[in-house]
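Position one of the sequence shown corresponds to residue 1 (UniProt numbering), numbered consecutively onward.
Yeah, the Cβ is synthetic: ideal placement off N, Cα and C, and Gly gets one too.
Only one structure is covered here, and it is reproduced in the block below.
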Amino acid sequence: MKVFRKPFVALSTGLILLTISACETENSGSAGGNLEDAEIEGPLTINPEIPDDSDIVSKGPHGEQADSAHELELSEEEIQEIRDGEYTAAIAMHYAGNDWSQAQINGLEDTFEELGIEITNVTDAQFSVEKQMNDIETILANQPDILVSIPVDPISTVGAYQLALDAGVDLIFMDEVPEGFTPEEDYTSVVSADNFGNGVVAAHLMAEKLNEEGDIGVIYHDADFFVTAQRVEAFEQTIEEDYPNINIASRDGIGEPEDGESVASSMLTRDPNLDGMFVVWDVPAEGAIAAADSAGHDDLVMTTIDLGANVGLDMARDGNIQGVGAQLPYDQGVAEAILAGYEILDKEAPPYVAVPALDVTRENIDESWNLIYNENVPQDIEDEMD
Numbered sequence: 001m002k003v004f005r006k007p008f009v010a011l012s013t014g015l016i017l018l019t020i021s022a023c024e025t026e027n028s029g030s031a032g033g034n035l036e037d038a039e040i041e042g043p044l045t046i047n048p049e050i051p052d053d054s055d056i057v058s059k060g061p062h063g064e065q066a067d068s069a070h071e072l073e074l075s076e077e078e079i080q081e082i083r084d085g086e087y088t089a090a091i092a093m094h095y096a097g098n099d100w101s102q103a104q105i106n107g108l109e110d111t112f113e114e115l116g117i118e119i120t121n122v123t124d125a126q127f128s129v130e131k132q133m134n135d136i137e138t139i140l141a142n143q144p145d146i147l148v149s150i151p152v153d154p155i156s157t158v159g160a161y162q163l164a165l166d167a168g169v170d171l172i173f174m175d176e177v178p179e180g181f182t183p184e185e186d187y188t189s190v191v192s193a194d195n196f197g198n199g200v201v202a203a204h205l206m207a208e209k210l211n212e213e214g215d216i217g218v219i220y221h222d223a224d225f226f227v228t229a230q231r232v233e234a235f236e237q238t239i240e241e242d243y244p245n246i247n248i249a250s251r252d253g254i255g256e257p258e259d260g261e262s263v264a265s266s267m268l269t270r271d272p273n274l275d276g277m278f279v280v281w282d283v284p285a286e287g288a289i290a291a292a293d294s295a296g297h298d299d300l301v302m303t304t305i306d307l308g309a310n311v312g313l314d315m316a317r318d319g320n321i322q323g324v325g326a327q328l329p330y331d332q333g334v335a336e337a338i339l340a341g342y343e344i345l346d347k348e349a350p351p352y353v354a355v356p357a358l359d360v361t362r363e364n365i366d367e368s369w370n371l372i373y374n375e376n377v378p379q380d381i382e383d384e385m386d
């Protein structure tokens, strides 16, 4: 089995934005070079060290049961057939300002390179519908065979993805699909983390750290976004059903990732006696950490989704973040690229594929980081663990 190992790179928001900015224009030659004599090590799968996924509980955008990403596989013969075809692909992200996005791109790029598929474009819509629509029009000018993308908004971007379909481009989605699009007819598959499962993990970790009692706040994503809604539903349902002595006392929504600090600050001003806070993903959680620090709430227990570099550093310092339900974005990208191979080969693809949830605490952050990002934990986090 081929397992990709990248050299260690310390991730940061600034580095990510520079990387994506550099890729906004045509990115030809980034993968799919001369592979005629390159050794093929198959079969190609996601990392087999990822824990057992028998407890995946998320369902797809059309209510589909999840197929495990562990079940996806390309043989050596299939890899060679794809290489011989000289195919191209593009990646259109909704937002690239976090470690999750860069890890997905890394997984896609590494796997496309293994398959000999050249990447024409990598774009960052910066959570703007208008920019994503323009990005897709730019991508289509390069006539890729495959487009892997995550819509900023499932309704407003329908027209842009329809243009791609009309141009004969095969679509593979991350997490979310445009409204009205159906598998097989409009797209190959959608790949996601077990977002419901991650919400469950975050709830159990919160309860454990609070000794199963106290008042908590929830910061949710105030947008029509399928996967973030799943996380919050799972977190709140688990708290309400399993922990009767934990009270969800406050709920507030964010529109943008940068709203985390102001929303958390308002919540703590309104309810200064909160014992805990769940934040829907790591970037707004960084703002919530700053708000707790400003308000003198050093003992506020927080859990979130995704192990970003700054959240990981706070956890290593035994700060507010006490637990994370983590996605596995690198291998999510690997799975998406494998599904591109399925499409090229006309191989039957499951309509909805999920990668398992991973629970992360200070005690297992080293090994978790390696599973999540396919690289060693950053040195500053390692130093805090000593």
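L268 and I246 closer than 8 Å at C-beta: The beta carbons of L268 and I246 sit no closer together than 8 Å.
Residues in its own chain within less than 6 Å of I146 by CB, not counting five upstream and five downstream? Closer than 6 Å at Cβ, skipping near neighbours: A89, D170, A340.
Verify the CB distance criterion: does N364 have a CB-CB separation below 8 Å to chain B? Structure shown: chain B not included; a single protein chain is present.
Of all the options E343, V360, A337, which has the alpha carbon lying nearest to the alpha carbon of D314? Residue V360 is the option with its Cα nearest to D314.
In terms of alpha-carbon separation, which member of Y342, G60, I117 lies closest to F226? Distances from the alpha-carbon of F226 to those of Y342, G60, I117 put G60 closest.
What separation, rounded to the nearest whole angstrom, lies between the Cα atoms of A349 and L72? When rounded, the distance between both Cα atoms is 9 Å.
Ordered list of beta strand (DSSP E) runs contained in the region 281–312, each at least 3 residues: Those beta strand (DSSP E) runs which fall completely within the region 281–312 and span 3+ residues are 301–305.
Are the region 371–384 and the region 92–109 in contact at 8 Å, needing three or more beta carbon pairs? Counting Cβ pairs under 8 Å, three or more are found: they touch.
Backbone secondary structure at Q162 - three-state DSSP: Residue state, collapsed to three classes: helix.
Among L165, E184, T188, Y161, which residue has its Cα nearest to the Cα of residue 395? A question about residue 395 goes unanswered here, because the residues of the chain that appear run from 1 up to 386.
Quick one: what does DSSP say T25 is sitting in, helix, strand or coil? Because T25 carries a pLDDT of 39, less than 50, the predicted location of this residue cannot be relied on, and no value is offered for it.
At what residues does the alpha helix (DSSP H) containing S377 begin and finish? A quick correction: the sequence has Val, not Ser, at residue 377. For V377, there is no enclosing alpha helix (DSSP H), as DSSP marks it with neither H nor E.
Alpha carbon to alpha carbon, how far is D298 from S28? Give it in angstroms, no decimals. Since pLDDT at S28 reaches only 40, below the 50 mark, its modelled position is unreliable, and no value is offered.
By the three-class DSSP mapping on this structure, what secondary structure does Q80 have? In this structure, Q80 counts as helix in the three-state DSSP scheme.
By DSSP, does H204 sit in helix, in strand, or in coil? Assigned with DSSP and collapsed to three states, H204 falls in helix.
Pull up the CB-CB distance for A167 and L140, whole angstroms please, since I reckon it's below 8 Å. Contact between A167 and L140 holds: CB atoms are separated by about 5 Å, below the 8 Å threshold.
From which residue to which residue does the alpha helix (DSSP H) around S75 run? S75 -> no alpha helix (DSSP H), and no H or E assigned at all.
Looking at A273: is its Cβ nearer than 8 Å to the Cβ of D215? Here residue 273 is Asn; the residue named in the question, Ala, does not match the sequence. Yes.
Cβ shell of G42 (< 6 Å), same chain only, five flanking positions each side left out: Result list for G42: S75, E76, I79, in chain order.
Contact check, S68 vs I56, beta carbons under 8 Å: Yes, they are a contact pair.
Assuming A357 and G197 are in contact, meaning their beta carbons sit under 8 Å apart, how far apart are those beta carbons, in whole angstroms? About 4 Å separates the two Cβ atoms, so the contact holds.
Let me check understanding here. Comparing Cα to Cα, which of A223, V218, Q332, V152 lies closest to Q132? Nearest of A223, V218, Q332, V152 to Q132, Cα basis: V152.
Determine the direct distance from the alpha carbon of Y330 to that of I46, and round the result to whole angstroms. Taking the straight line from one Cα to the other gives about 9 Å.
Outcome for D124 when other beta-carbon atoms lying within 10 angstroms are tallied against a minimum of 16: Counting Cβ neighbours within 10 Å, D124 comes out buried, since at least 16 surround it.
Quick check on H70: buried or exposed, where buried means 16 or more other Cβ atoms within 10 Å of its Cβ? Residue burial annotation: H70 is buried, with at least 16 other C-beta atoms found within 10 angstroms of its C-beta.
Can I338 and Y87 be called in contact, C-beta distance under 8 Å? No; because the gap between Cβ atoms is not below 8 Å, this pair is not in contact.
Cβ atoms of E261 and A288: under 8 Å apart, would you say? For the pair A288 and E261, the CB atoms are nearer than the 8 Å cut-off.
Nearest-angstrom Cα distance between G276 and A223? Rounded to the nearest angstrom, the two C-alpha atoms are 23 Å apart.
In whole angstroms, give me the CA-to-CA distance for R317 and I172. The C-alpha of I172 is placed about 39 Å away from the C-alpha of R317.
Look at the alpha carbon of D366 and the alpha carbon of E382, and state the distance between them as a whole number of angstroms. Rounded to whole angstroms, D366 to E382 spans 8 Å at the Cα level.
N-terminal and C-terminal residue of the beta strand (DSSP E) that V218 is part of: 214–221 is the extent of the beta strand (DSSP E) around V218.
Taking D331 as part of the beta strand (DSSP E), name the residues at either end of that continuous run. Element bounds for D331: not the beta strand (DSSP E) but the alpha helix (DSSP H), 329–345.
Over what stretch of residues does the alpha helix (DSSP H) that includes V129 continue unbroken? Bounds of the alpha helix (DSSP H) holding V129 are 129–141.
Comparing C-alpha positions only, which one of Q379, N370, V324 sits nearest to V200? Checked all of Q379, N370, V324; the closest Cα to V200 is V324.
Applying the 10 Å Cβ sphere with the 16-neighbour rule, what's the burial state of A207? Buried, since its Cβ has 16 or more Cβ neighbours within 10 Å.
Starting from the Cα of Y243, find the closest Cα among D346, P257, Y220, L205 and give me that residue. Considering only alpha carbons, the answer is L205.
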